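In this text, residue positions in the sequence shown follow my numbering: the first is 3, and each later residue adds one. Report on one structure; see the data block that follows.
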Amino acid sequence: MKFQLRCLWYRSHLQKLLTQLTALGLDALIDQHPHTITRTLRSYLDSRLSMARRVNAQLGYFEWAKETLRSEHLQALYRGDGYELWYHDFDPQGCKILLSSAAKMGREGELELTLVFDGSVLERLAFTMIPDGYRNGEPCLWVGGIQGMQHQREAARSLQHKLSRLRPSAVLITALKALASAWGIERLYAVGDEAHVFSAYRWTLRKRRHRHYDHLWREHDAQRVDDGAWALSPSLELRSLEEVKSQKRAELKRKNQWRSLIFAKVCERARCLTDQNLPVQESPTPRSNGLI
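Below is the structure:
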């Protein structure tokens, strides 16, 4: 009943969305996945957005996707075919990062990065491309959510050990920065605790947010933009060995090697999805002491 009422109340917005997606030649995709345009009926990407701004955000993503991604790859992403961005064989377990449409986290983003280890999903990150409201309206990357699987903590610890204590969330954020580099996106923003799509709910849906986002983005040297958003550096900045005690430098060196390897491979694979010859950051370098 609530769904029908929302459709009636926002029918002009939905009609605008449908008309413009049809003009982009995406009517077949919408026919196959009609739930895509109804995501905007409720809180979407940022709990502070009005219906008009939610529609504009989704249109911004599809305009970017139509212009940037090859048609066959865009269709494949929405068929549920995960596109493999990185794989490593730890023998006997394998680890991979997949890119797909955000079926599980559709209100938090249009695309999803999934970290899979030994056949089990450990972590998901939802993101999208929207016009940058903080700058000049050019496409920027917006992270709407990142969630670990609560029942896979033991597997997550096992993978973290194999990756020299690199956390699953850090693996996905590294892959995200590689996507931005490969696709020529210069600005990355991430949702804060106050603006997460489930933050406005009193109890039931609010429990879906297990992550403390403000704390996570501080760990990754993000800068607060406002009460509900953070700005992430688009480049991969590796910690200098001089920043840590001598007994921890070997581990940090291995961790930096893992991040560099993941970044380079995701960049390479992500460029295969596009029709453009975009510049890619070739080699991340350690940051200097005291700089973010």
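Note that the Cβ used here is the ideal one computed from N, Cα and C, for glycine as well. Since the structure is predicted, the reported quantities are computational estimates derived from the model, not experimental observations.
Have a look at the options and flag the residue whose alpha-carbon is nearest the alpha-carbon of residue i.
i	options	result
LEU10	LEU43, ALA25, GLN22	LEU43
ARG189	CYS142, GLN249, PHE64	CYS142
TYR85	PHE92, THR70, SER102, ARG72	SER102
GLU169	ILE148, ALA104, THR276	The sequence shown places Arg at residue 169, rather than the Glu named in the question. ARG169 has its Cα closest to that of ILE148, out of ILE148, ALA104, THR276.
SER171	ARG126, VAL199, ALA182, PRO133	ARG126
MET107	LEU71, VAL145, ASP93, ILE99	VAL145
LEU178	GLY27, GLY96, MET131, MET53	MET131
TYR63	PHE92, ALA104, GLU270, ILE99	ALA104
LEU161	ASP93, LEU115, ARG213	ASP93
ALA202	SER248, GLU245, LEU51	LEU51
LEU2	PRO36, TYR215, TRP260	In this structure the chain extends from 3 to 294, so residue 2 is not present and cannot be described.
From residue i to residue j, what distance separates their C-alpha atoms?
i	j	result
SER262	LYS4	48 angstroms
GLU140	LYS255	36 angstroms
THR40	LEU20	10 angstroms
ARG109	THR38	9 angstroms
SER298	HIS217	Missing from the structure shown is residue 298; the chain here goes from 3 to 294 and no further.
TYR12	LEU240	46 angstroms
GLY111	VAL173	18 angstroms
ALA180	ASP83	20 angstroms
SER49	LEU76	27 angstroms
SER295	SER235	Residue numbering for the chain in the displayed model covers 3 to 294; residue 295 lies beyond these limits and cannot be assessed.
ARG208	GLN152	With a pLDDT of only 49 at ARG208, under the threshold of 50, the placement of this residue in the model should not be trusted; the figure read from the coordinates follows. Their backbone Cα atoms lie some 16 angstroms apart in a straight line.
GLU270	THR24	32 angstroms
CYS274	ARG72	9 angstroms
LEU28	GLN249	55 angstroms
ASP33	PRO133	25 angstroms
Tell me which same chain residues have a C-beta within less than 8 angstroms of the C-beta of residue i, skipping the five on either side of it?
i	result
ASP243	One point to set straight first is that residue 243 is Leu, not Asp, in the sequence displayed. Here the set comprises ARG251, LEU254, LYS255, PRO288.
GLU156	none
THR276	THR70, LEU71, ARG72, ALA184, TRP185
Given residue i, which residues of its chain have a CB within under 6 angstroms of its CB, disregarding the five upstream and five downstream residues?
i	result
GLN154	SER122, LEU124
ARG56	THR42, TYR46
LYS338	Shown here, the chain extends from 3 to 294; a query on residue 338 therefore has no answer.
HIS228	Residue 228 is actually Asp in this sequence, not His. Taken in chain order, the list of residues that qualify is empty.
MET53	TYR12, HIS15
Give every residue of the same chain whose Cβ lies closer than 7 angstroms to the Cβ of residue i, excluding the five residues on either side of it in the sequence, and list them in chain order.
i	result
ILE175	HIS222
GLN22	LEU61
GLN297	No answer is possible for residue 297: it lies beyond the span of the chain, which begins at 3 and ends at 294.
LYS98	GLU86, TRP88, TYR89, VAL118
Rounded C-beta distance between residue i and residue j? I'm assuming under 8 angstroms.
i	j	result
LEU31	TYR80	6 angstroms
ARG167	LYS257	7 angstroms
LEU16	LYS68	That pair is no contact at about 19 angstroms.
ASP120	GLY96	7 angstroms
**Asked** Residue ranges of each beta strand (DSSP E) run of no fewer than 3 residues wholly in the stretch 125-211, ordered along the chain?
**Response** 141-150, 190-193
**Message:** Please give me, in chain order, every unbroken run of the alpha helix (DSSP H) with length at least 4 that falls completely inside the stretch 67-133.
**Reply:** 73-80
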